[in-house]
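Chains as they are written, first to last, in our numbering: chain Y, -8 to 381; chain H, 2 to 317.
For every residue, glycine included, the Cβ atom is placed at its ideal position computed from N, Cα and C.
Below is one structure; the comments refer to it alone.
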């Protein structure tokens, strides 16, 4: 009985500690959003560090942290050091909103993240209400920066990546113009808006150029066997196969396509960007496959080479697109703080909207009136397991 | 003091305490003493309380292991969101519609699955919860995988507080009625209960429906607080989150479910600041509680004024 009571007390104490600890942070910050004073500028990182899309969030957060470290090593911005508040949104939309409210209450100048468009949409009202800018490294949905009902641009939401429509169009141009292929089949994921969007824009652009779509099939996330549909597609003899989706399924799909003797070139979007592609599909199967991406690790430009080297030294892995976009988001923010000559969130947002010819890792960016960056899209080819950019 | 008079006195005290809590929080929100972050966590806490208390009715009191609670929450969330967003109905009607739709879903799912027991029932409900999610994912009119965006924020503290009180009163009164005794007898021994003339399937389905309807209530409040709902929010992990609260609080203890919901919400919010070790600490706490307190925080006991009296060594 005595032991039992002790344990009850222990559990209750643990519980109380949780509450006290939760409240403890309350005392350190005041209500509203005071402009950060003193020697530090606070920047919030609201990324998916655990849960379903943890790899995106973790890599983007790593990229952004690397950028801020570089900036701090060079003496910071406006003579102040940048302090990063890193928070985990657990790949959940409600947590993302919760986190952004927390960051805003701590007085951050801006928030970087979340990565997924839905989570950005959840944060949007909080950011607009409190007038704190949000830079979404990889939210590709058209509605992320624009209120779809009124057509008004959200004044405090920005993104560092291109849109799904741009990617689909770029691949259609590449297949039709560069590779000179006139017929194509589409076999993409139907489980998410990302892949559906790519398929739609590819189809529109390819047909507008005079190409013909001979088959339009779909799979769902988690599928492991694509042979039945691939056989069907093979019968229509497409010159090109567009496979918008994520690497988990695409890698298996390509392997099975090659096993069935489909030799047509295949293409996809940035969802292909993973080292797992080569490990699962094999270097030989991946020959003659292409995907649109934010940047190429092999790019010899000094800025990119330096970034890749610094990232590899710090985290012992190759930076993917999300890392590069996180890195760019951080520099975008710092440039805006510099040109606003202030760490006041409202002024920084105004400066961000005016960003012009910003030299990023993922291309030179200029924000248009919808807060979308106008920039180039790289097409990358798998050549014997190595990435080659076009 | 005659017992009826005493009961009235306690009822009065309860009302005064509840009104006090309500007014205090309302005052703190009105004067901005609670900033937005704390308000969001308060809402999350309230929604979690409703979810865990309602799942406790199914899992704790009726003894039927259901893993599809997030699915019913999704039904409530979607139906209520459509009501306010597309049909411009008042929020209260949207909430009621969400509850009823979720209860109906509970009925449809409950009738075939509640013939199963134990693990089989768990798998079947898990499957049905996923079916709801996948159906929502494939209805383009409901936004597909991207879900419904731009729901107006109508959930306020009075709604949240009212919903908690409503849920707890409904469930406590059910438990202490002949219905409650019937479902507890089903939990303790289904064969014996049937022998005593209790229509076990009927009671199980009824408990399942009420639990599902209240999950729909939580879903409606959730949709109108967090602006955006998408099918992925209501996956089986969400069901597990709720189950963790119920098991942590103690199967068959309403106060335990409430305490655990508060505890988990606070813990999640607190651990946001430690992203790297968050899952480890979270899991560790759960493991420790399960090792040293396998019956949950409160077991199947309730936290009543008597418990408090005993704890302080006095008499209530």
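Under the three-state DSSP convention, the category residue i falls into
i, result
"residue 81 of chain Y", "coil"
"residue 15 of chain Y", "Residue placement at residue 15 of chain Y is flagged as unreliable, the pLDDT there being 38, under the threshold of 50; the coordinate-derived value follows with that caveat. Looking at residue 15 of chain Y - three-state DSSP - the assignment turns out to be helix."
"residue 373 of chain Y", "strand"
"residue 38 of chain Y", "strand"
"residue 206 of chain Y", "strand"
"residue 360 of chain Y", "coil"
"residue 73 of chain Y", "strand"
"residue 303 of chain H", "coil"
"residue 365 of chain Y", "strand"
"residue 281 of chain Y", "strand"
Chain H contact for residue i (CB, 8 Å cutoff)
i, result
"residue 33 of chain Y", "no"
"residue 161 of chain Y", "no"
"residue 133 of chain Y", "no"
"residue 18 of chain Y", "Residue confidence is low: residue 18 of chain Y scores 37 on pLDDT, short of 50, so the model does not pin down where it sits. Its coordinate-derived value is still stated next. Judged by the 8 Å Cβ criterion, residue 18 of chain Y is not in contact with chain H."
"residue 78 of chain Y", "yes"
"residue 83 of chain Y", "yes"
Contact check, residue i vs residue j, beta carbons under 8 Å
i, j, result
"residue 233 of chain Y", "residue 258 of chain Y", "yes"
"residue 55 of chain H", "residue 215 of chain H", "yes"
"residue 122 of chain Y", "residue 339 of chain Y", "no"
"residue 108 of chain Y", "residue 82 of chain Y", "no"
"residue 125 of chain H", "residue 217 of chain H", "no"
"residue 383 of chain Y", "residue 84 of chain Y", "No information on residue 383 of chain Y is available, as it lies outside the stretch -8 to 381 that chain Y covers here."
"residue 342 of chain Y", "residue 331 of chain Y", "yes"
"residue 262 of chain H", "residue 46 of chain H", "yes"
"residue 254 of chain H", "residue 302 of chain H", "yes"
"residue 145 of chain H", "residue 138 of chain H", "yes"
"residue 291 of chain Y", "residue 299 of chain Y", "no"
"residue 134 of chain H", "residue 213 of chain H", "no"
"residue 54 of chain Y", "residue 317 of chain Y", "yes"
"residue 74 of chain Y", "residue 120 of chain Y", "no"
"residue 51 of chain H", "residue 224 of chain H", "no"
"residue 76 of chain Y", "residue 125 of chain Y", "no"
"residue 106 of chain Y", "residue 128 of chain Y", "yes"
"residue 401 of chain Y", "residue 320 of chain Y", "Chain Y is shown only over -8 to 381; residue 401 of chain Y falls outside these bounds and no answer can be derived."
"residue 325 of chain Y", "residue 68 of chain Y", "yes"
"residue 284 of chain H", "residue 161 of chain H", "no"
"residue 115 of chain Y", "residue 148 of chain Y", "yes"
"residue 141 of chain Y", "residue 182 of chain Y", "no"
"residue 130 of chain H", "residue 194 of chain H", "no"
"residue 154 of chain H", "residue 228 of chain H", "yes"
Cut-off 7 Å between Cβ atoms - residues of its own chain near residue i, not counting five sequence neighbours on either side
i, result
"residue 158 of chain H", "26, 27, 30"
"residue 203 of chain Y", "173, 174"
"residue 288 of chain H", "none"
"residue 188 of chain H", "62, 63, 64"
"residue 344 of chain Y", "358, 362"
"residue 368 of chain Y", "153, 157, 158, 161, 283"
"residue 59 of chain H", "65, 67, 208, 209, 212"
Any chain Y beta carbon closer than 8 Å to residue i
i, result
"residue 317 of chain H", "With a pLDDT of 38 at residue 317 of chain H, under the threshold of 50, the modelled position of this residue cannot be trusted, and the question is left open."
"residue 280 of chain H", "yes"
"residue 45 of chain H", "yes"
"residue 303 of chain H", "no"
"residue 146 of chain H", "yes"
"residue 234 of chain H", "yes"
"residue 15 of chain H", "no"
"residue 152 of chain H", "no"
"residue 319 of chain H", "Only positions 2 to 317 of chain H appear in the structure, and residue 319 of chain H is not among them; the question remains open."
"residue 276 of chain H", "yes"
"residue 42 of chain H", "yes"
"residue 121 of chain H", "no"
"residue 227 of chain H", "yes"
"residue 36 of chain H", "yes"
Contacts around residue i, its chain only, beta-carbon distance under 8 Å, and the 5 residues preceding and following it disregarded
i, result
"residue 374 of chain Y", "278"
"residue 290 of chain H", "249, 297, 298"
"residue 222 of chain Y", "251"
"residue 246 of chain Y", "271, 272, 273, 276"
Cβ-based neighbour list, residue i, same chain, cut-off 6 Å, excluding 5 preceding and 5 following
i, result
"residue 149 of chain H", "82, 230"
"residue 92 of chain Y", "117"
"residue 186 of chain Y", "179, 180, 235, 236"
Proximity test, residue i beta-carbon vs the ligand ADP heavy atom, cut-off 7 Å
i, result
"residue 373 of chain Y", "In the structure on display, the ligand ADP does not appear, and there are no ligands present to speak of."
Item to check | Runs of alpha helix (DSSP H) lying entirely within the stretch 208 to 274 of chain Y, each at least 4 residues, in chain order | outcome: Those alpha helix (DSSP H) runs which fall completely within the stretch 208 to 274 of chain Y and span 4+ residues are 218 to 226, 238 to 250, 267 to 272.
Next on the checklist: My parser needs the beta strand (DSSP E) runs of 3 or more residues fully inside the stretch 107 to 183 of chain Y; what are they?
Outcome noted: Secondary structure in the stretch 107 to 183 of chain Y: the beta strand (DSSP E) runs of 3 residues or longer, each lying completely within the stretch, are 125 to 127, 148 to 150, 174 to 180 in chain order.
Item to check | Those runs of the alpha helix (DSSP H) which lie wholly inside the stretch 168 to 206 of chain H and span at least 4 residues | outcome: 179 to 189, 191 to 196
Item to check | Length-filtered (4 minimum) alpha helix (DSSP H) runs lying within the stretch 228 to 306 of chain H | outcome: Complete alpha helix (DSSP H) runs here, min 4: 237 to 250, 255 to 272, 279 to 293.
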